[in-house]
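All the letters of the sequence shown, read from the start, carry residue numbers 1 to 179 under the working numbering.
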Amino acid sequence: MADDSSSTFQAGQTGLVVRIPEAEPAVRGWRERLDPSARAGVPAHVTVLFPFLEESRIDPLVHAALEDVLRGHQPFDLRFEKTGRLPEVLYLVPEPAAPLIRLTEAVAGRWPEAPPYGGRFAEIVPHLTIAQGQEDAVLEEIEADLGGGLPFTSRVTSVELMAHDGTAWRTLASFALGD
């Protein structure tokens with residue numbers, strides 16, 4: 001749930017993420033300092049869809065539809081071995097990106113009223129945000145520090161639905177991939 005600052009997280013916002021616990025040793029310290037979503041309680045992750053539906057719209061029918069959509073995608077492995085940059089953002093690049101893009105497209109296709117990142121970007125670029133809003137010198141320092149923590153692999157078996165309560169993000173549900 002990158003590309004937002006903690007001041008713009010609103011109570012009732014939801015998002016779908018893939019947790020990447022294997023990233024925590026390498027990125028936790030940097031994320032806690034330099035990624036607003038980490039300070040708001042979001043673990044190391046790759047966003048599938050943000051923003052999703054308002055929490056007030058999340059009901060048993062939405063849960064069932066998410067289960068159905070996500071069950072159609074098999075678990076997969078991601079490898080993280082390099083960093084990438086967007087304007088003022090440093091991130092880890094998940095490879096291959098295609099399974100993540102397919103997840104995003106499937107969920108956004110089911111809920112076209114919830115386009116990725118509110119429709120602000122034409123291209124879906126899966127990423128694990130490490131830092132936002134920093135000068136190039138800081139991003140270069142982080143990249144040098146990360147060298148020892150890369151590469152690593154993560155097995156993706158589920159997608160989590162998270163909601164912001166006005167102060168922090170919390171997990172509402174986890175949806176398994178595959179049958």
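Think of the CB as a built atom: it goes at the ideal place given N, C-alpha and C, for glycine as much as any other residue.
Are residue i and residue j closer than 8 angstroms when you measure CB to CB?
{"i": "Phe76", "j": "Pro151", "result": "no"}
{"i": "Pro126", "j": "Pro94", "result": "yes"}
{"i": "Ala44", "j": "His164", "result": "no"}
{"i": "Tyr91", "j": "Thr83", "result": "yes"}
{"i": "Glu88", "j": "Gly29", "result": "no"}
{"i": "Ala40", "j": "Arg31", "result": "no"}
{"i": "His63", "j": "Arg102", "result": "no"}
{"i": "Ser158", "j": "Ala144", "result": "no"}
{"i": "Val156", "j": "Leu78", "result": "yes"}
{"i": "Glu160", "j": "Arg57", "result": "no"}
How should residue i be labelled, buried or exposed, when 16 other C-beta atoms within 10 angstroms of its C-beta is the threshold for buried?
{"i": "Asp179", "result": "exposed"}
{"i": "Ala108", "result": "buried"}
{"i": "Phe121", "result": "exposed"}
{"i": "Glu70", "result": "One detail in the question is off: residue 70 reads as Leu in this sequence, not Glu. By the 10 Å Cβ count, Leu70 comes out buried."}
{"i": "Glu140", "result": "exposed"}
{"i": "Ala137", "result": "exposed"}
Output needed for residue i: all residues of its chain with C-beta closer than 7 angstroms, excluding positions within five of it in sequence on either side, in chain order.
{"i": "Met162", "result": "Thr14, Gly15, Val17, Val42, Trp169, Arg170, Thr171 and Leu172"}
{"i": "Ala114", "result": "Leu49, Pro51, Phe52, Leu53 and Ala108"}
State the DSSP-derived secondary structure class of residue i, mapped to helix, strand or coil.
{"i": "Asp136", "result": "helix"}
{"i": "Ala144", "result": "helix"}
{"i": "Leu128", "result": "strand"}
{"i": "Asp77", "result": "strand"}
{"i": "Leu86", "result": "strand"}
{"i": "Leu19", "result": "The sequence as given places Arg at residue 19; Leu does not occur at that position. Of the three classes helix, strand and coil, the one that applies to Arg19 here is strand, per DSSP."}
{"i": "Val42", "result": "coil"}
{"i": "Pro116", "result": "helix"}
{"i": "Leu66", "result": "helix"}
{"i": "Thr14", "result": "strand"}
{"i": "Ala26", "result": "helix"}
{"i": "Leu49", "result": "strand"}
{"i": "Thr8", "result": "helix"}
Leaving out five residues on either side along the sequence, give the residues of the same chain with a beta carbon under 6 angstroms from the beta carbon of residue i.
{"i": "Ile124", "result": "Ile101, Thr104 and Pro116"}
{"i": "Glu26", "result": "The residue asked about is misnamed: residue 26 is Ala in this sequence, not Glu. Correct list, in chain order: Leu146 and Gly149."}
Using 7 angstroms as the cut-off, classify the Cβ of residue i as near or not near the heavy atoms of the ligand GDP, replying yes or no.
{"i": "Val17", "result": "Only the bare structure without any ligand can be found here, which leaves the ligand GDP out of the picture."}
Review point. Could you give the uninterrupted runs of the alpha helix (DSSP H) lying entirely in the stretch 87–112, keeping only those of 4 residues or more?
Key: 98–110
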